Amino acid sequence: MFLTSIRDFDYRPYVVQGEMVRDRVVLDRDIIWQDEKTGDLYTVPNGFVFDLASLPWWAGWALTKLGKHQRAAALHDWLYVNRLNSKRWADQQFRSAMIQDQVKPWRVWMAWSGVAVGGWPAWWS
Numbered sequence: 000m001f002l003t004s005i006r007d008f009d010y011r012p013y014v015v016q017g018e019m020v021r022d023r024v025v026l027d028r029d030i031i032w033q034d035e036k037t038g039d040l041y042t043v044p045n046g047f048v049f050d051l052a053s054l055p056w057w058a059g060w061a062l063t064k065l066g067k068h069q070r071a072a073a074l075h076d077w078l079y080v081n082r083l084n085s086k087r088w089a090d091q092q093f094r095s096a097m098i099q100d101q102v103k104p105w106r107v108w109m110a111w112s113g114v115a116v117g118g119w120p121a122w123w124s
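Be aware that the sequence shown starts at 0, since it is given in numbering that gives the first Met the number 0, and climbs by one per residue.
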């Protein structure tokens, strides 16, 4: 569960050498997540660069980069980058985070099943 308020979730464009990097943003504040099963805390740090949501072209009709799932996507990207625990565990945290942020159930299922099946290249990169 998120221990930081949704009101504290913010990001800005990612800029390198004066140029905005397309499809990348920088987290403006820490996000603190607690694994509901173990109670362990995880902090996605201020300054973490992420892509809002990695979406295949065919999912654009149902999911967008912007929406209630953004905070969950930041958490998920950070878990993948740091390869904490397992991919399955990271995907489950993503699902739980979207549910907490009141993403519609069918969108939760679509996003979660997408990363569960198609997230392997990102996990290993």
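Backbone N, C-alpha and C define an ideal beta-carbon position, used for all residues, glycine too.
Owing to the predicted nature of the structure, the values given are computational and were not obtained by experimental measurement.
For residue j and residue i, believed in contact at Cβ under 8 Å, the rounded distance
i      : j     : result
Val107 : Asp90 : So it is not a contact: roughly 12 Å between Cβ atoms.
Val48  : Val25 : 5 Å
Distance, residue j Cα to residue i Cα
i      : j      : result
Trp88  : Asp7   : 25 Å
Asn84  : Gln16  : 35 Å
Trp111 : Arg94  : 6 Å
Pro104 : Asn81  : 27 Å
Lys86  : Ser124 : 12 Å
Met19  : Met109 : 30 Å
Proximal residues to residue i (C-beta, below 6 Å), its chain only, five neighbours per side dropped
i      : result
Ala121 : Tyr79
Gln69  : Leu51
Asp22  : Asp50
Own chain residues within Cβ distance below 8 Å of residue i, not counting five before or after
i     : result
Trp32 : Met0, Phe1, Leu2, Leu40, Tyr41, Thr42, Val43, Leu74, Gln92 and Ala96
Ile5  : Arg70 and Asp100
Arg11 : Val24, Val25 and Asp27
Best match in the options for proximity to residue i [C-alpha to C-alpha]
i     : options                : result
Ile30 : Met19, Val20 and Gly46 : Gly46
Cβ neighbours of residue i in the same chain (closer than 7 Å, five flanking residues each side left out)
i     : result
Lys67 : Asp100, Gln101 and Val102
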